[in-house]
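S.K.: Here it is: the structure, laid out below.
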Amino acid sequence: MDNTQKRVGVIGGVRIPFCRNNTAYADVGNFGMSVKVLGALVERFGLHGAELGEVAMGAVIKHSSEWNLAREALLSSGLAPTTPGITTARACGTSLDNAIIIANKIAAGQIEAGIAGGSDTTSDVPIVLSDRLRKRLLAVNRGKSWQDKLRAATRGFSFKEFKPAFPGVAEPRTGKSMGDHCELMAREWHITRQAQDQLAVDSHRKLAAAYEAGFFDDLVVPFRGLKRDGFLRPDTSLEKLGALRPAFDKTSGQGTLTAGNSTGLSDGAAAVLLGSEAWAAERGLKVQAWFRDAEVSAVDFVHGEGLLMAPTVAVPRMLKRHGLTLQDFDFYEIHEAFAAQVLCTLRAWESPDYCKNRLGLDAPLGSIDPARLNIHGSSLAVGHPFAATGARIVATLAKMLEQKGSGRGLISICTAGGMGVTAILER
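The sequence shown runs 7 to 433 under the working numbering.
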């Protein structure tokens, strides 16, 4: 964002506790969770009846009836019904993408304020008809006479057609799951099982400490009897995680990704309020941090690049634009889709070969201070409802910068489809 554009303030965010699928939120769905977080944001910042420029919400796994989840949820949130809403999806980067959408509109002067967020459930998933039965029913509908309809309904019919289809978790281009791809990355970058388990243990301990210190008191809104994330295991240890079997590569004897060092199937929602400096001042709201810039990238994972390595490409582009180095940050929020993915990212930035031949840099980006990485825990301990993670991270980082009083934070999120969404917040 250049100097002619308005500064974009992150005013604050809220989320509900994230939980394992088929537990506390099994019957809530994306609409109910979205209404809860939007309503909580309205209450926190006194926005009842306010008309905002845009509400951008997202969901990766949703029903066809939720084609504009954002608009429907905001109509039940307390915001003015004249507030527009748009629903998006870019897998794990969805709500960070939404923050970028809102920030760019504010920076360009198109709107003064908006909400970015996301919700996802792997409990209330869309179960659809088999492809054969769907096509049969469409053919019946096209029939002109009852004879045509009867022929379409019965010709070649098999009871197997009644078997429903569930949402897939594999990459359409490769047939491999995200975990399968990450196993390949871990081998390429020589990431050990112990290193992965240690990162997971650290995530749980840091999240537990943040809860005990009251850091999440104004960020997490109790819901359905939960006050803390359902994935949090403060007493986890290397010994406990070491006893788990591989979750993806179960046959080669080389698998290192387990249920303990990978994120589990999650339900949850999060939202964050952004506004111009003038809009915040008029409403008497404090700006926690400034949304300075963002970058999105993609890698050719079909032909050999690591599926979750795109943030390694996006970050140096963003750094170059602002004359920054990787070490010029007080906080690093790297989404923990898998412990191995975080460690692969860090190792790539330290690699002279990768930085020269893949990123086109004269020297490696270098290492970061581990004490500045995900200091309040991240997705391995929190959980990862796909479209909610970005807003969770933006709200968390903005509060960290506000508490420090100054500084700069880097956000890095990998996504399905071989993409990455990154951003810089400052104060």
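Even glycine gets a Cβ: it sits at the ideal position worked out from N, Cα and C.
Note that this is a predicted model, so its numbers are computed, not measured.
Nearest by alpha-carbon distance to ASP126: which of ALA401, LEU135, ASN28 is it?
M.R.: ASN28
S.K.: With distances taken from CA atoms, which of THR94, ALA345, GLU194 is nearest LEU263?
M.R.: ALA345
S.K.: How long is the line joining the alpha carbons of PHE24 and GLU288, rounded to whole angstroms?
M.R.: 33 Å
S.K.: To the nearest angstrom, how far is it from the Cα of GLU57 to the Cα of VAL207?
M.R.: 43 Å
S.K.: Please name the residue or residues paired with GLU339 in a DSSP beta bridge.
M.R.: ILE417
S.K.: Could you spell out the range, first to last residue, of the alpha helix (DSSP H) harbouring THR351?
M.R.: 345–356
S.K.: Is DSSP giving ALA249 helix, strand or coil here?
M.R.: In the three-state reduction of the DSSP assignment, ALA249 falls in the coil class, being assigned neither a helical nor a strand state.
S.K.: Nearest to ASP306 by alpha carbon, out of ALA422, LEU80, PHE229?
M.R.: ALA422
S.K.: Between the alpha carbons of LEU332 and ARG433, how many angstroms are there, rounded?
M.R.: Counting only the Cα atoms, ARG433 lies some 17 Å from LEU332.
S.K.: As an exercise, report each continuous alpha helix (DSSP H) stretch of at least 4 residues that is fully enclosed by the stretch 126–154, in chain order.
M.R.: 137–148
S.K.: Express the C-alpha separation of PRO132 and SER164 in angstroms, rounding to a whole number.
M.R.: 23 Å
S.K.: Go ahead and pull the three-state DSSP assignment for ILE107.
M.R.: helix
S.K.: Whole angstroms is fine: what's the gap from LEU367's alpha carbon to THR402's?
M.R.: 31 Å
S.K.: By the DSSP assignment, the beta strand (DSSP E) with SER282 in it spans what residues?
M.R.: 272–282
S.K.: Which value, in whole angstroms, describes the spacing of the CA atoms of GLY1 and GLU283?
M.R.: The chain is shown only over 7 to 433; residue 1 falls outside these bounds and no answer can be derived.
S.K.: What residue range is occupied by the uninterrupted alpha helix (DSSP H) comprising GLY396?
M.R.: 395–410
S.K.: If you measure between the beta carbons of GLY396 and GLY15, is that distance less than 8 Å?
M.R.: no
S.K.: Once you ignore the five residues that flank ALA176 on each side, which residues in its own chain have a CB closer than 7 Å to its CB?
M.R.: LYS182, SER183
S.K.: Less than 8 Å between the beta carbons of LEU81 and ASN36, yes or no?
M.R.: no
S.K.: Taking the DSSP output, what are the residues bridged to ARG26?
M.R.: SER272
S.K.: Tell me, please, which residues DSSP counts as bridged to TRP296.
M.R.: Its beta-bridge partners are GLY15, GLU432.
S.K.: Give the single residue among LEU85, GLY38, SER40, GLY45 whose Cα lies nearest to the Cα of GLY55.
M.R.: Checking every option, the nearest Cα to that of GLY55 belongs to LEU85.
S.K.: GLY45 by DSSP, collapsed to three states: which one?
M.R.: helix
S.K.: Relative to the C-alpha of ALA122, which residue among ALA114, SER258, HIS341, ALA95 is closest?
M.R.: ALA95
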